[in-house]
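Numbering (my numbering), first residue to last: 44 to 308. Ideal Cβ positions, reconstructed from N, Cα and C, are used throughout, including at glycine. Here the structure is a predicted model, which means the values were calculated and not measured.
Here it is as structure tokens:
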């Protein structure tokens, strides 16, 4: 089934501060390369039949390209983001305004959360990350607003600072994840909930291979995640590798660039 995604062109992309272990301002980043790679990702979605809407980038917000962090949209309702770091603070209101202007019911959050960076939606539950960016009380706030059960998972490795760097839904019932990114209790929860999950290697996790987007049939994934691609193919998925190496200098991959807009259901 075609999906609807919101993306933001990396018009002002740069690495000028460090708020995660991937970011090294002294090394910089090439904005033109980032734009070309982003355009390749957008084209891949459109070739698969998905709809892509765009939000205008804002000068001075170099990480706005990471649209997934801007909100969580479930059942046609938008739960806004409140960023942990002031450098990204204005992104939350900008994304929420985009949804409000298009008639979506919206909630400005009272608690720190970074949208789909830490909230991943399956058929019946929302998996929610905490430990680095999103306050666990935001999980409760999202559950109350969206009316979906929210399962809290604790992240323990700063390289995997958002849930979407350590796990992605394969479909509405199953996931792929990297076990070492999670606390022992959270790992036990994942093993209980998803006994048939795809387990990623450290090598694939370290190239943000789990920052992927699946529509249930096709998986758009960082090209360097070779072992994970082979396992996905073995499971019957079509794999679409993309190169987002420039955006990875800020800790982003395909999913970071992609906010799913879920309508009423």
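Cα-Cα separation between residue i and residue j, rounded to whole angstroms
{"i": "residue 268", "j": "residue 301", "result": "19 Å"}
{"i": "residue 276", "j": "residue 175", "result": "32 Å"}
{"i": "residue 124", "j": "residue 238", "result": "31 Å"}
{"i": "residue 66", "j": "residue 58", "result": "7 Å"}
{"i": "residue 282", "j": "residue 258", "result": "11 Å"}
{"i": "residue 255", "j": "residue 143", "result": "27 Å"}
{"i": "residue 151", "j": "residue 287", "result": "31 Å"}
{"i": "residue 217", "j": "residue 93", "result": "21 Å"}
{"i": "residue 294", "j": "residue 80", "result": "15 Å"}
{"i": "residue 103", "j": "residue 160", "result": "21 Å"}
{"i": "residue 99", "j": "residue 51", "result": "6 Å"}
{"i": "residue 95", "j": "residue 232", "result": "34 Å"}
{"i": "residue 181", "j": "residue 139", "result": "16 Å"}
{"i": "residue 246", "j": "residue 146", "result": "43 Å"}
{"i": "residue 222", "j": "residue 291", "result": "21 Å"}
{"i": "residue 156", "j": "residue 167", "result": "21 Å"}
{"i": "residue 211", "j": "residue 296", "result": "12 Å"}
{"i": "residue 60", "j": "residue 72", "result": "12 Å"}
{"i": "residue 158", "j": "residue 271", "result": "25 Å"}
{"i": "residue 195", "j": "residue 63", "result": "21 Å"}
{"i": "residue 113", "j": "residue 141", "result": "10 Å"}
{"i": "residue 185", "j": "residue 122", "result": "7 Å"}
{"i": "residue 251", "j": "residue 289", "result": "12 Å"}
{"i": "residue 280", "j": "residue 266", "result": "15 Å"}
Collapsed DSSP secondary structure at residue i in the structure displayed
{"i": "residue 265", "result": "strand"}
{"i": "residue 107", "result": "helix"}
{"i": "residue 120", "result": "strand"}
{"i": "residue 63", "result": "coil"}
{"i": "residue 217", "result": "coil"}
{"i": "residue 176", "result": "coil"}
{"i": "residue 288", "result": "coil"}
{"i": "residue 125", "result": "strand"}
{"i": "residue 69", "result": "coil"}
{"i": "residue 211", "result": "strand"}
{"i": "residue 232", "result": "helix"}
{"i": "residue 254", "result": "coil"}
{"i": "residue 271", "result": "helix"}
{"i": "residue 224", "result": "helix"}
{"i": "residue 162", "result": "strand"}
{"i": "residue 293", "result": "helix"}
{"i": "residue 94", "result": "strand"}
{"i": "residue 137", "result": "helix"}
{"i": "residue 153", "result": "coil"}
{"i": "residue 187", "result": "helix"}
{"i": "residue 303", "result": "strand"}
8 Å contact criterion, which residue i and residue j should meet: CB distance rounded
{"i": "residue 285", "j": "residue 83", "result": "6 Å"}
{"i": "residue 219", "j": "residue 241", "result": "4 Å"}
{"i": "residue 49", "j": "residue 304", "result": "6 Å"}
{"i": "residue 117", "j": "residue 189", "result": "5 Å"}
{"i": "residue 132", "j": "residue 126", "result": "5 Å"}
{"i": "residue 115", "j": "residue 162", "result": "5 Å"}
{"i": "residue 165", "j": "residue 215", "result": "5 Å"}
{"i": "residue 108", "j": "residue 53", "result": "4 Å"}
Residues that residue i bridges to, as DSSP identifies them
{"i": "residue 246", "result": "The partner list for residue 246 (beta bridge, DSSP) is empty, contrary to what the question assumes."}
{"i": "residue 74", "result": "None, per the DSSP bridge assignment."}
{"i": "residue 182", "result": "Looking at the DSSP assignment, residue 182 forms no beta bridge with any residue, so it has no partner."}
{"i": "residue 237", "result": "DSSP output for residue 237 lists no bridge partner at all."}
{"i": "residue 47", "result": "94"}
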